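Here is the structure we will look at.
2 protein chains.
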Amino acid sequence: MAPEKELVQLIGFWGSPYVLSVRWALKLKGIEYEYHEENLLKKSPLLLQYNPVYKKVPVLLHNGKPLVESLMIIQYIDETWKQNPLQPQDPYERAKTLFWAKFAHEKCIAPMVSSFFKIGEEQEKCVKEACEHLRTLESALEEGKRFFGGETIGFVDIAAAWMGCWARIIEEILSVKLIDEEKMPRLIAWFSNVVEVPALKECMPPTQNLLEHNIKFRKFLVAAAERLQSVPLTGN
Amino acid sequence: MAPEKELVQLIGFWGSPYVLSVRWALKLKGIEYEYHEENLLKKSPLLLQYNPVYKKVPVLLHNGKPLVESLMIIQYIDETWKQNPLQPQDPYERAKTLFWAKFAHEKCIAPMVSSFFKIGEEQEKCVKEACEHLRTLESALEEGKRFFGGETIGFVDIAAAWMGCWARIIEEILSVKLIDEEKMPRLIAWFSNVVEVPALKECMPPTQNLLEHNIKFRKFLVAAAERLQSVPLTGN
């Protein structure tokens, strides 16, 4: 009996970098999949059914079985389809790879994203925190290496190197500085080396669309914050 | 040539449940190790050398190579020493296991720990958040199963079932309610099934010592918060 055809489905949102990193992983593995675009303002029953705990994209469905959270999804993809491995075979090297991917997510990207949801001093604090940790990430990149782990694209690259593009968008919208050209030359080269890989480049949403979407999103957030702030004021 | 003797070292603190979970993993694998007790008020050069990014225990040194963060350390232990596997072999089952271990850490334990560092309304918010997610964890435990994954002890058990003991200590010190006997019968049975495994029980620090240590720690935190609060007051 021939093996049953696999069904791979991705629930995503075009402007989400976490979804992008899963698309990158699937692309590098050569896996075809059905894509379901989610309306994040009105989440679909499909999303709520398959990610009832976090209710977030991306969700990968492999033969109907759901996987959530981008880092876990990428690990799963790498363990399930062995071609073009993204993680090292050695357990210690694999743990190091996971450490830096998590560091990039939790210490660099999370405060960047938080800055987008804040104003004034709180925003400054997030920007400062992101910059401090970006310098640590810079020091973890080895001079002259094309990708995070060497000459072959891997886990940390697809998990986090999109942050370069998103940082530029946040800088432009908030008028802040996240990536310091003088102090972070390796990071800047790394971002561009990853995004310029043809297979990855073709998955990238157009920068102009991302910018316009995020300008609108920021306006929406500021208006919502002002409405919230006005509640105690009118109440006094 | 006989294989070189492996050197396994653990930098820990006796009262840390994250260190306990690593000790549990090493115990279940039958790995002998050197233990270095850390003074968290005056961190050792050893800790700062091997965990410069987070400066936290536990740190596992395997032949001098450092691993940090308890979940990653347990994964590494499981992948390096194959006896008594803690994670399922199937990638999907393994991803599910990691999902629930992370959920327990990030959604149940993190707000519990935060409640210990807070007072008043902020503390109540953390307690409420922890309770809500504990109910989700309750619903993920299958009726009648001894451990999280079935009849064999595994990853989620050693990563998170110590929370039962720590929750009781937090409840006693803060006079709050985290574990609801009526609504969380499976969780309560699970906590006790794991901690009663003889090999694990013998690694547990005495509850009375944990309680006394945390009473002192809470007093220290409250005094520090009061000092901090008094700064703007005297400045006005």
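For the protein sequence lines, the chains are U and Z, in the order given.
Just so you know, we're using full-length UniProt numbering here: the first sequence kicks off at 1 and counts up by one.
Just so you know, we're using full-length UniProt numbering here: the second sequence kicks off at 1 and counts up by one.
Note that beta-carbon positions come from the ideal geometry of N, C-alpha and C, so glycine has one too.
Being a predicted model, the structure only gives us computed values, none of them experimental.
Considering only DSSP beta bridges, list what residue i is partnered with.
i                     : result
residue 36 (chain Z)  : Z:11
residue 68 (chain U)  : U:59
residue 150 (chain Z) : Z:147
Could you check if residue i is buried or exposed, using at least 16 other CB atoms within 10 Å of its CB as the buried criterion?
i                     : result
residue 220 (chain U) : exposed
residue 175 (chain U) : exposed
residue 225 (chain U) : exposed
residue 56 (chain Z)  : buried
residue 124 (chain Z) : exposed
residue 215 (chain U) : exposed
residue 207 (chain U) : exposed
residue 104 (chain Z) : buried
residue 51 (chain U)  : buried
residue 96 (chain Z)  : buried
residue 130 (chain Z) : buried
residue 5 (chain Z)   : exposed
residue 197 (chain Z) : buried
residue 222 (chain U) : exposed
residue 38 (chain Z)  : buried
residue 76 (chain U)  : buried
Between residue i and residue j, is the Cβ-Cβ spacing less than 8 Å?
i                     : j                     : result
residue 195 (chain U) : residue 154 (chain U) : no
residue 41 (chain Z)  : residue 13 (chain Z)  : no
residue 70 (chain U)  : residue 115 (chain U) : no
residue 74 (chain Z)  : residue 161 (chain Z) : no
residue 88 (chain Z)  : residue 94 (chain Z)  : yes
residue 101 (chain Z) : residue 19 (chain Z)  : no
residue 199 (chain Z) : residue 28 (chain Z)  : yes
residue 53 (chain Z)  : residue 59 (chain Z)  : no
residue 166 (chain U) : residue 17 (chain U)  : yes
residue 147 (chain Z) : residue 209 (chain Z) : no
Roughly how far, in whole angstroms, is the beta-carbon of residue i from the beta-carbon of residue j, given that I think they are within contact range, below 8 Å?
i                     : j                     : result
residue 211 (chain U) : residue 141 (chain U) : In fact, because the Cβ distance is near 26 Å, the residues do not count as touching under 8 Å.
residue 152 (chain Z) : residue 91 (chain U)  : At roughly 21 Å, the Cβ-Cβ gap does not stay under 8 Å, so residue 152 (chain Z) and residue 91 (chain U) are not in contact.
residue 178 (chain U) : residue 127 (chain U) : 6 Å
residue 98 (chain Z)  : residue 72 (chain U)  : 6 Å
residue 184 (chain Z) : residue 143 (chain Z) : No, residue 184 (chain Z) and residue 143 (chain Z) are not in contact; Cβ-Cβ is about 13 Å, not under 8 Å.
residue 213 (chain U) : residue 15 (chain U)  : 5 Å
residue 83 (chain U)  : residue 149 (chain U) : Going by Cβ atoms, the distance from residue 83 (chain U) to residue 149 (chain U) rounds to 17 Å, so no, they are not a contact pair.
residue 218 (chain Z) : residue 173 (chain Z) : 5 Å
Examine the ligand SAM and report whether any of its heavy atoms sits within less than 7 Å of the Cβ of residue i.
i                     : result
residue 145 (chain U) : Looking for the ligand SAM in the displayed structure turns up nothing, as the structure carries no ligands at all.
Checklist entry - Would you call the segment 96-113 of chain U and the segment 122-140 of chain U in contact, with 3 or more CB pairs under 8 Å? => result yes
Next on the checklist: Between the segment 7-17 of chain U and the segment 28-47 of chain U, can you find at least three pairs of beta-carbon atoms closer than 8 Å?
Outcome noted: yes
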